[in-house]
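The structure appears right after this line, and notes come after that.
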Amino acid sequence: MKQYFRILSYLKEFWKPLTFATVSNILFVIFSTLSVGSVMPFIDILFSSPTPSRQQEIAFNLFKLREYISYQLNQLVLSYDRLDLLLGLCISIVITFMLKNLFFYLQGYFMATVEQGFTRRLRDKLYAHLHQLSMSFFNNERKGNLISTIVNDVRVVQESLSVGLNGAFRDPPQILMFVLVLFFFDWSLTLFICVLLPVTGFLITRLGDMLKRESKAAQERMADVISVLSETLSNVRVVKAFRMEEFEINKFKNHTQKYFKTMRGIQRRKNLASPLTEFLGAITIAIILWFIGKNVVQGTTPMTPGALLLFVGIIVQMLPSLKSFGLVFNSVQEGSAAANRVLTILNIKPNIYDMKDAATLGKFQSKIEFKNVSFKYETGDIVLKNINCEINAGETVAIVGPSGAGKSTLVDLIPRFYDVTEGSVTIDGMDVRGITMDSQRSLMGIVTQETILFNDTVRNNIAYGHQEVEFEKITAAAKVANAHDFISSLPEGYDTVIGDRGVKISGGERQRISLARAILKNPPVLILDEATSALDTENEILVQQAIERLMEGRTSIVIAHRLSTVQRADKIIVLEDGKIVEIGKHAELLSQPDSLYKKLHELQFQI
34 MKQYFRILSY
44 LKEFWKPLTF
54 ATVSNILFVI
64 FSTLSVGSVM
74 PFIDILFSSP
84 TPSRQQEIAF
94 NLFKLREYIS
104 YQLNQLVLSY
114 DRLDLLLGLC
124 ISIVITFMLK
134 NLFFYLQGYF
144 MATVEQGFTR
154 RLRDKLYAHL
164 HQLSMSFFNN
174 ERKGNLISTI
184 VNDVRVVQES
194 LSVGLNGAFR
204 DPPQILMFVL
214 VLFFFDWSLT
224 LFICVLLPVT
234 GFLITRLGDM
244 LKRESKAAQE
254 RMADVISVLS
264 ETLSNVRVVK
274 AFRMEEFEIN
284 KFKNHTQKYF
294 KTMRGIQRRK
304 NLASPLTEFL
314 GAITIAIILW
324 FIGKNVVQGT
334 TPMTPGALLL
344 FVGIIVQMLP
354 SLKSFGLVFN
364 SVQEGSAAAN
374 RVLTILNIKP
384 NIYDMKDAAT
394 LGKFQSKIEF
404 KNVSFKYETG
414 DIVLKNINCE
424 INAGETVAIV
434 GPSGAGKSTL
444 VDLIPRFYDV
454 TEGSVTIDGM
464 DVRGITMDSQ
474 RSLMGIVTQE
484 TILFNDTVRN
494 NIAYGHQEVE
504 FEKITAAAKV
514 ANAHDFISSL
524 PEGYDTVIGD
534 RGVKISGGER
544 QRISLARAIL
554 KNPPVLILDE
564 ATSALDTENE
574 ILVQQAIERL
584 MEGRTSIVIA
594 HRLSTVQRAD
604 KIIVLEDGKI
614 VEIGKHAELL
624 SQPDSLYKKL
634 HELQFQI
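Take any residue in the sequence shown, note its place counting from 1, add 33, and you have its number in our numbering.
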């Protein structure tokens, strides 16, 4: 529950509409009570005879409220014509109900801003926080779980907030107001009613505890459903190629069946709260009608039929509030489970962050150096072991080695996607951990084998990170990347939307757009991670030509399985099992008889 109230701290910025909603709610409660109270004089004026005017005057006394109201009504009947009083009473009833419903609407009007604003604020906070987290977090977390938290868990919290705030501001004050009125009319019967309230509260609390446990399970089940959905849609081509549609359908059905069973149990328990409260209320009404009604019929009580009707009417009016109060408690328990999942993510601290005194790297001048670098992921063995090497400004350095040697991990340390476990990576003599990430990464362009494009126009994909750039620079970058011709042939040219992950264009075309994006950035340091390995021969030639133009005058770090792409490198670093085993130029490494590079070269070219 503590976590639930902590997440409500995001309501602070909506204090104005929340204040207006609270005031409207208080006025709604007041006019709700008055609307019920108007029934008693209505009945008494129609069906009772006034007491003679010699009746002793009764002064206002909170503990004799019923007698005081009866006396004042009696004086009204004696002083005015009954039809005039009836007309005035009818008008007051209409006005009272009108104001009651007006303030009910206003309360909902202002709460809509609070609820939807809270939801937007929480989703924005979650999304922004995810972007601050380190790569290691995303390596260990399911994408479907994150999507479920941002979409589904926040929705559950919002629904809980809607029910909770509306109920908390309306039901307890209304119940209190009704109980006070009842107390002044008959304190003994009111005490009897109050005895039933804790019984109802205990039963609802027990239901709420079960709901909280099951709600946590429900959120996890929904995360599983979204994970399967996201995974399948991302790999739909593989599913169809292996004819695994039936398998994936059954897997999805299995997860939705688990979610169905959990939600069915939750719904059944939630549905129990309302009839349980209403049943206890019906028992209360029956008892009161019997004991008081019997006395009214027999004339052994001073209570008038109007007062009896008011007493019972107030209890009837209390029932929806009592039922709603039970739903509020259960909803808060359900929202608490979702809030815990939201806060679990918000509480995660990034492993990679700027130090307080981090320096700004203006430009790259000298070299990138690895000094005794070792690295391991949070879960797993050591990936890099005692790496020592230099990459001088203006050099083209190729990194080769068998699969799993640690090539991509090595270059991931340069833009500081991860921090080293031991040793240091320096740029121009400065440890990357002491440089601001913005200034460091602004100097680097990265092109990977897995081309990352967005469901947007070609223009916006190329200009990603430079949205205000002139169109001429976009087309110039596309020409350098050998992409301008095919872009111009698209239906809308540079304004063509290329679909999710660029599915509407070929792999080679996607890679050339990715290269154009890197060219537009014009970085002094270029990292190419298997940029041509997934392309056919024609596209590889076009992309390779673009890469060579892109590399001119830059410091380039190239990872490639195809050794033909690294032959002109100034330096080749050969990795095996996370260690540097060779460093040299193409010809030098081939001249060494037992060189791993030579073995890889011979294996690839079948020499």
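Glycine included, each C-beta is placed from N, C-alpha and C at the ideal position.
- DSSP, read as helix, strand or coil, puts Asp-117 in helix.
- Distance from the CA atom of Met-144 to the CA atom of Ala-251, rounded to whole angstroms, is 27 Å.
- Contact between the region 575-593 and the region 417-432 is present: 3 or more CB-CB pairs across the two stretches fall below 8 Å.
- Secondary structure note for Ala-511: its alpha helix (DSSP H) is the uninterrupted segment 504-513.
- Nearest to Lys-45 by alpha-carbon distance, out of Asp-387, Gly-150, Leu-215, is Gly-150.
- In the DSSP annotation of this structure, the continuous segment of the alpha helix (DSSP H) that includes Asn-173 starts and ends at 168-173.
- Within the same chain, Ser-354, Ser-357, Phe-358, Val-361 come within 7 Å of Asp-204 by CB-CB distance, once the 5 residues on both sides are set aside.
- For Ser-407, the uninterrupted beta strand (DSSP E) run begins and ends at 400-409, by DSSP.
- The C-beta distance from Ser-248 to Ile-299 rounds to 6 Å, short enough to meet the 8 Å contact threshold.
- Counted as a single uninterrupted DSSP element, the beta strand (DSSP E) harbouring Thr-429 occupies residues 429-433.
- Residue pairing for Glu-423: DSSP places it in a beta bridge opposite Glu-402.
- Burial check for Gln-600: the Cβ neighbour count within 10 Å stays below 16, so the residue is exposed.
- In this structure, the CA atom of Met-477 is about 7 Å from the CA atom of Pro-448.
- At a Cβ-Cβ threshold of 7 Å, Asn-515 and Ser-167 do not count as neighbours.
- Taking a cut-off of 8 Å for Cβ pairs, the region 545-561 and the region 479-486 touch, as three or more such pairs fall below it.
- Counting the other CB atoms within 10 Å of its CB gives Phe-293 a total below 16, which places it among the exposed residues.
- Assignment of beta-bridge partners to Ser-457 by DSSP yields Lys-404.
- By the neighbour-count definition (other C-beta atoms within 10 Å, threshold 16), Tyr-113 is an exposed residue.
- In the DSSP assignment, Asp-445 is bridged to no other residue.
- If the five residues before and after Gly-434 are omitted, its C-beta is found closer than 7 Å to the C-beta atoms of Lys-440, Val-607, Leu-608, Glu-609, all from its own chain and listed in chain order.
- According to the DSSP secondary-structure assignment, Ser-589 is paired through a beta bridge with Thr-429, Leu-559.
- Three or more beta-carbon pairs drawn from the region 183-198 and the region 154-173 are found closer than 8 Å, and the two stretches are therefore classed as touching.
- Excluding sequence positions up to five before and after Met-210, its CB lies within less than 7 Å of the CB of Val-62, Thr-66, all in the same chain and listed in chain order.
- A direct Cα-Cα distance of roughly 45 Å separates Leu-120 from Val-365.
- DSSP links Lys-632 through a beta bridge to no other residue.
- When DSSP states are grouped into helix, strand and coil, Ala-392 belongs to the strand group.
- With fewer than 16 other CB atoms across the displayed protein chains lying within 10 angstroms of its CB, Met-388 is exposed.
- Only exposed fits Tyr-142, as fewer than 16 other CB atoms lie within 10 angstroms of its CB.
- DSSP places Glu-501 in the coil class of the three-state scheme, outside both helix and strand.
- DSSP places Met-470 in the uninterrupted alpha helix (DSSP H) bounded by 470-474.
- Comparing C-alpha distances from Arg-582 to each of Gln-331, Val-214, Leu-559, Ala-392 shows the shortest one belongs to Leu-559.
- Between Asn-380 and the set Thr-295, Gln-165, Glu-503, the nearest pair of CA atoms involves Gln-165.
- The three-state reading of DSSP puts Leu-608 in strand, counting E and B together.
- For the 7 Å CB-CB criterion, Val-591 and Leu-633 do not form a contact.
- Looking at the DSSP output, Leu-417 bridges to Phe-408.
- Shown here, Val-599 sits in coil according to DSSP, grouped into three states, outside any helix or strand.
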